Amino acid sequence: MSTATRKNTKNTQSPALHGADSHDLIRVHGARVNNLKDVSVEIPKRRLTVFTGVSGSGKSSLVFGTIAAESQRLINETYSAFVQGFMPTLARPEVDVLEGLTTAIIVDQQRMGVDTRSTVGTATDANAMLRILFSRLGRPHIGSPKAFSFNVASISGAGAVTLERGGKTVKERRTFSITGGMCPRCEGRGSITDFDLSQLYDDSKSINEGALTIPGYSVDGWFGRIFGGSGFIDPDKPIRKYTKAELHNLLHKEPTKIKVDNINLTYEGLIPKIQKSFLSKDVDALQPHIRAFVERAITFTVCPDCEGTRLSDAARSSKINGVSIADVCAMQISDLAEWVRELDEPSVAPLLATLQHTLDSFVNIGLGYLGLDRSSGTLSGGEAQRTKMIRHLGSSLTDVTYVFDEPTIGLHPHDIQRMNELLLQLRDKGNTVLVVEHKPEAIAIADHVVDLGPGAGSAGGTVVFEGTVEGLRAGGTLTGRHLDDRAGLKPSVRTPSGALEVRGANTHNLRDVDVDIPLGVLTVVTGVAGSGKSSLIRGSVSSRDGVVSVDQAAIKGSRRSNPATYTGLLDPIRKAFAKANGVKPALFSANSEGACPNCNGAGVIYTDLAMMAGVATICEECEGKRFQAAVLDYHLGGRDISEVLAMSVSDAEEFFGEGEARTPAAHAILGRLADVGLGYLVLGQPLTTLSGGERQRLKLATRMAEKGGVYVLDEPTTGLHLADVEQLLALLDRLVDAGKSVIVIEHHQAVMAHADWIIDLGPGAGHDGGRIVFEGTPADLVATRSTLTGEHLAAYVGG
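Note that UniProt numbering has the sequence shown beginning at 1, numbered continuously upward.
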């Protein structure tokens, strides 16, 4: 019996099923958030409850949108009105009764800050502790903790101060200095940028002729007005004829207040403006067209002065036992933990103990392969979630509600056991642990299970089972029926049509890896978290011509964004409506000419109540339909535009596939959405209401339209229910059978078993990984059991 299973035996019976006192329950009655249909459920406190169900069944709406949201709103209300004015306003969830709530701590998959100055060390306070440590023990002594911070510049100057002296007011001139650790050349970023000016503008044209080629810098917009009316440049003169001063003003001028058409504006040179708007975030977090511009126009090179450490010479000169703060931040955290353990200095003993606990938590949670200098924006969703867990593992708080969103994402089967033990550890301290999960290994440790369904979207939103894992297995729900699913090895594998060669790959922890990735087949890249899978594929494959890469980066979406706008589906729909009615396509956009004037196309009226939560009410004029009444008089196939946007993908696919409404361009996009298991989504549903798994598959459906011979997918099973994995495998097969090469980074054993070829990296993580430990068919991997992946896959298929 596993450690996790032994720990769990004392809590196999849920108190909710045995007349538990109401103080031991979180009671939810009449929840109607998103697709929830008057859901009522009683959740036992100080137990581990897992919420299951197909993607879109309502799990996140119940756990995050109802329970966690109301807990956070109530906590915010305990602050003064003044403090609440600085906090986000949270509306009360649509629910009749919510009782028994405790403080909720949400540990979700949201990417950590994408500011280039944010690292694993700054995000977890490990850097702050190291800065204090070096300010106390480092030799030579160079100053306070700020002297070791790459986010603090060294500044000196003088100024006048007013003092009261002997009953008189006198002014004195004082000098001041701040010693920071920022490298002055790269300003603490670790890299310097070189701009290809030919990508910023066409110097044969003038500003008014549209010389600027930077995304969003249209001559018809604000930038055209600012540059044209500033007086710093001649907007009608070709840029190649600019004087030195004009070119400096165009490219480098510092922010300067100007007035154009009696409007106060700020003029700033192109390069500092691009640095602030595009380069202050991690490049991978930018929108695709902006990222393409950045990669085309800007070259990033390691800062030669600080060698990429971000720190000044002085900060790097101070050392403890011959090691600088830059050296320790570059260490693998598991090695750094050992280095700290060897320090013996009573004067900073409490600090060392806290730092040691933080570093050991990284190792215990399976992130020992990271370095503190790793940019936080480069962490995967799973890595970000586990990093957030670190500050809670040593907490003395009890009777807290911890809320997790698929904590096993990004984890190899070998690592899931460790995550389970951490969740049980939080529970055993007297906390309530709520987990949204799909993995059978994680569901297995639950004290109580709440299964939602029976389907997704409008077909879901009800509780179809509550009880123990054993009861779920015998309950007959979709989750229960698939809980023990095991995919078998394919009887035969495809023959490659060629190979994609990778030679000398050394990104991150890779050790000059040489590998031939077969083409024309389904290749699965496996290995424990941190073994080098993403480094190999992203570093050596994703950027090649003809490769379509679908990663886990978040998709942008406001309340006005929906599947129809994100996928480009709305364009052919608008054109079809316009053609059928002889009017302009813009009329059929709720963000343009067709918008209801009362709510500006939002469908609701938002009322700001200052320190209280704002209120959203359905627009009385358009009744939530978002369009002007006159627009709804135009029909296509007997439906108006609002009725079409209220359709599900499946219904719309049928609607646009035949008859008067037949629109091949729209039908093709809808077919791709159905292929990735999103047939239940409503076309006009706001992107903000979609789960993480739904957003990933929406991105996959969109990228499938791109031309390319090789598809790279990063954990496509993220957010997928057990019953949906089979549909994903069928989609991957269709891609390969259509002549595509598919490369999947994946931990799910069903996907491994279905592969034609497996490339396994390891044997461990960080500097213990970075090598190819197996190449071959799944059957060979199971037969040899030569790696951790092989052992787990063999157990999964019963080999």
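Note that the Cβ used here is the ideal one computed from N, Cα and C, for glycine as well. In this text, all values refer to a predicted model and were calculated from it rather than measured experimentally.
- Item | Opening and closing residue of the alpha helix (DSSP H) in which E307 lies | As a working note, residue 307 is residue 307 in the sequence shown. Membership of E307 in any alpha helix (DSSP H) is not indicated, and neither H nor E is assigned to it by DSSP.
- Task: Take M611 and list the residues in its own chain whose beta-carbon comes closer than 6 Å to its own, dropping the five residues that flank it on each side.
- Result: By 1-based counting over the sequence shown, the position of residue 611 is 611. Unreliable placement is indicated for M611, whose pLDDT of 46 sits below 50; no coordinate value is reported for it.
- Where P518 falls: helix, strand or coil (DSSP): Translated into the one-based positions of the sequence shown, residue 518 becomes position 518. Under the three-state reduction of DSSP, P518 is assigned to strand.
- Message: Using a Cβ-Cβ cutoff of less than 6 Å, which residues in the same chain neighbour L645 once the five nearest sequence positions on both sides are dropped?
- Response: By 1-based counting over the sequence shown, the position of residue 645 is 645. Exclusion of the five residues before and after L645 leaves L683 and G684 as the residues of its chain whose Cβ lies within less than 6 Å of its Cβ.
- Which residues in the same chain as S154 place their Cβ atom closer than 6 Å to its Cβ, once the five residues preceding and following it in sequence are excluded? Mapped onto the sequence shown, residue 154 falls at position 154. Excluding positions up to five away in sequence, the list reads T179 and G180.
- Message: Could you check whether the segment 616–629 touches the segment 427–440, counting it as contact only if at least three pairs of C-beta atoms, one from each stretch, sit closer than 8 Å?
- Response: No: fewer than three Cβ pairs fall under 8 Å.
- Query: Going by the beta-carbon positions, is the gap between S318 and H438 smaller than 8 Å?
  - Reply: Against the sequence shown, residue 318 aligns to sequence position 318. Against the sequence shown, residue 438 aligns to sequence position 438. No, the pair does not count as a contact, with Cβ atoms beyond the cut-off.
- Task: Please list, in chain order, all residues of the same chain as V515 whose beta carbon is under 6 Å from its beta carbon, the five residues on each side excluded.
- Result: For this step, residue 515 is matched to residue 515 along the sequence shown. Closer than 6 Å at Cβ, skipping near neighbours: V502 and I772.
- Task: Return the Cβ separation of L489 and A779 in integer angstroms, given the expectation that the two are a contact with Cβ distance under 8 Å.
- Result: Within the sequence shown, the letter at position 489 stands for residue 489. Within the sequence shown, the letter at position 779 stands for residue 779. With a beta-carbon spacing of about 5 Å, L489 and A779 fall inside the 8 Å limit used to define contacts.
- Looking only at its own chain, which residues have a Cβ that is under 8 Å from the Cβ of I669, when we skip the five neighbours before and after it? Counting from one through the sequence shown, the residue named residue 669 turns up at place 669. Within the same chain, I669 has close Cβ partners T567, G568, L569, P572, A701 and A705.
- Task: Can you give me the Cβ contacts of D196 inside the same chain, cut-off strictly under 6 Å, excluding the 5 residues immediately before and after it?
- Result: Translated into the one-based positions of the sequence shown, residue 196 becomes position 196. For D196, the CB contacts under 6 Å within the same chain, skipping 5 residues up- and downstream, are A297 in chain order.
- Figure out for me which residue from T663, S458 and A730 has the closest Cα to the Cα of G58. Taking the first residue of the sequence shown as position 1, residue 58 is located at position 58. Measuring from the Cα of G58, the nearest candidate turns out to be S458.
- Item | Cut-off 6 Å between Cβ atoms - residues of its own chain near G394, not counting five sequence neighbours on either side | Position 394 of the sequence shown, counted from the first residue, corresponds to residue 394. Taken in chain order, the residues that qualify are H357.
- Around the C-beta of R174, are 16 or more other C-beta atoms found within 10 angstroms, so that it is buried, or is it exposed? In the sequence shown, counting from the first residue as 1, residue 174 sits at position 174. With fewer than 16 Cβ atoms within 10 Å of its Cβ, R174 is classed as exposed.
- Query: Going by beta carbon distance, what residues of the same chain come within less than 8 Å of T398, once the five residues before and after it are set aside?
  - Reply: For this step, residue 398 is matched to residue 398 along the sequence shown. Beyond the five residues adjoining it in sequence on each side, T398 comes within less than 8 Å, by CB distance, of K429, G430 and N431 in the same chain, given in chain order.
- Message: Three Cβ pairs or more, each shorter than 8 Å: is that satisfied between the segment 627–634 and the segment 647–664?
- Response: Taking 8 Å as the limit for Cβ pairs, the verdict is that the segment 647–664 does not touch the segment 627–634.
- Query: So does the segment 324–336 actually touch the segment 347–366, counting three or more Cβ pairs closer than 8 Å?
  - Reply: Contact annotation: the segment 324–336 touches the segment 347–366, with at least three C-beta pairs closer than 8 Å.
- Touch test, the segment 462–469 against the segment 32–44, Cβ-Cβ under 8 Å, three pairs minimum: The segment 462–469, when compared against the segment 32–44, does touch it at the 8 Å Cβ threshold.
- Message: Please return the same chain residues whose Cβ sits closer than 8 Å to the Cβ of R46, not counting the five positions on each side in sequence.
- Response: To locate residue 46, count along the sequence shown from 1; it is residue 46. The answer, listed in chain order, is D24, D399, R427, G430, N431 and T432.
- Message: If you follow the alpha helix (DSSP H) that N127 is in, where does it begin and where does it stop?
- Response: The residue given as residue 127 occupies position 127 in the sequence shown. It spans A126 to L137 - the alpha helix (DSSP H) in which N127 sits, taken as one unbroken run.
- Task: Inspect the beta-carbon positions of V107 and Q385 and report whether they are closer than 8 Å.
- Result: Here residue 107 refers to the residue found at position 107 when the sequence shown is read from its first residue. Here residue 385 refers to the residue found at position 385 when the sequence shown is read from its first residue. If you check the CB distance, V107 and Q385 come in under 8 Å.
- Query: Between the C-alpha atoms of P350 and N127, what's the straight-line distance to the nearest angstrom?
  - Reply: Working through the sequence shown from its first residue, we reach residue 350 at position 350. Working through the sequence shown from its first residue, we reach residue 127 at position 127. N127 has its alpha-carbon roughly 16 Å from the corresponding atom of P350.
- Hey, quick one: how far does the alpha helix (DSSP H) through H792 stretch, first residue to last? Here the question's residue 792 lines up with position 792 in the sequence shown. Run containing H792: L788 to V797, per the alpha helix (DSSP H) assignment.
- Start-end ranges of the alpha helix (DSSP H) lying completely within the segment 530–598, minimum 4 residues: Qualifying alpha helix (DSSP H) stretches, in chain order: 533–540, 563–566 and 570–581.
- How would you write the range of the alpha helix (DSSP H) that I641 sits in, first residue to last? Counted from its first residue, the sequence shown places residue 641 at position 641. Where I641 is concerned, the enclosing alpha helix (DSSP H) stretches over I641 to L645.
- Item | Local Cβ density within 10 Å of W757, reported as buried at 16 or more and exposed below that | Residue numbering aside, residue 757 sits at position 757 when the sequence shown is read from its first letter. Buried.
- Message: Taking only three categories from DSSP, how would you classify L452?
- Response: On the sequence shown, residue 452 is found 452 positions in, with the first residue counted as 1. Note: L452 maps to strand in three-state DSSP.
- Message: Using CA atoms only, rank isn't needed, just tell me which of S531, S540 and V550 is closest to Y369.
- Response: Taking the first residue of the sequence shown as position 1, residue 369 is located at position 369. Distance check between Y369 and each of S531, S540 and V550 places S531 closest, using alpha-carbon atoms only.
- Message: If you reduce the DSSP assignment to three classes, tell me which class M419 lands in.
- Response: For the purposes of this step, residue 419 is taken as the residue at position 419 of the sequence shown. Correct three-state label for M419: helix.
- Message: Rounded to the nearest angstrom, what separates T479 and R225 at their Cα positions?
- Response: Counting from 1 along the sequence shown, the entry for residue 479 is found at position 479. Counting from 1 along the sequence shown, the entry for residue 225 is found at position 225. Rounded to the nearest angstrom, the gap between the Cα atoms of T479 and R225 is 58 Å.
- Any heavy atom of the ligand GTP closer than 7 Å to the CB of V107? Questions concerning the ligand GTP fall outside what the structure shown contains, since it holds no ligand whatsoever.
- Look at the alpha carbon of D220 and the alpha carbon of L673, and state the distance between them as a whole number of angstroms. For this step, residue 220 is matched to residue 220 along the sequence shown. For this step, residue 673 is matched to residue 673 along the sequence shown. Spanning the alpha carbons of D220 and L673 requires a straight line of approximately 35 Å.
- Task: Rounded to whole angstroms, what's the CA-CA distance from R310 to R291? Just pull it up for me.
- Result: For this step, residue 310 is matched to residue 310 along the sequence shown. For this step, residue 291 is matched to residue 291 along the sequence shown. Rounded to whole angstroms, R310 and R291 show a C-alpha spacing of 23 Å.
- Item | Exposed unless 16 or more other CB atoms sit within 10 angstroms - verdict on residue 800 | What the structure shows of the chain is the stretch from 1 to 799, and residue 800 is not part of that stretch, so it cannot be assessed.
- Query: Can you find at least 3 beta carbon pairs, one from the segment 525–542 and one from the segment 403–413, that sit closer than 8 Å?
  - Reply: Inter-segment contact for the segment 525–542 and the segment 403–413 is present: three or more beta-carbon pairs are separated by less than 8 Å.
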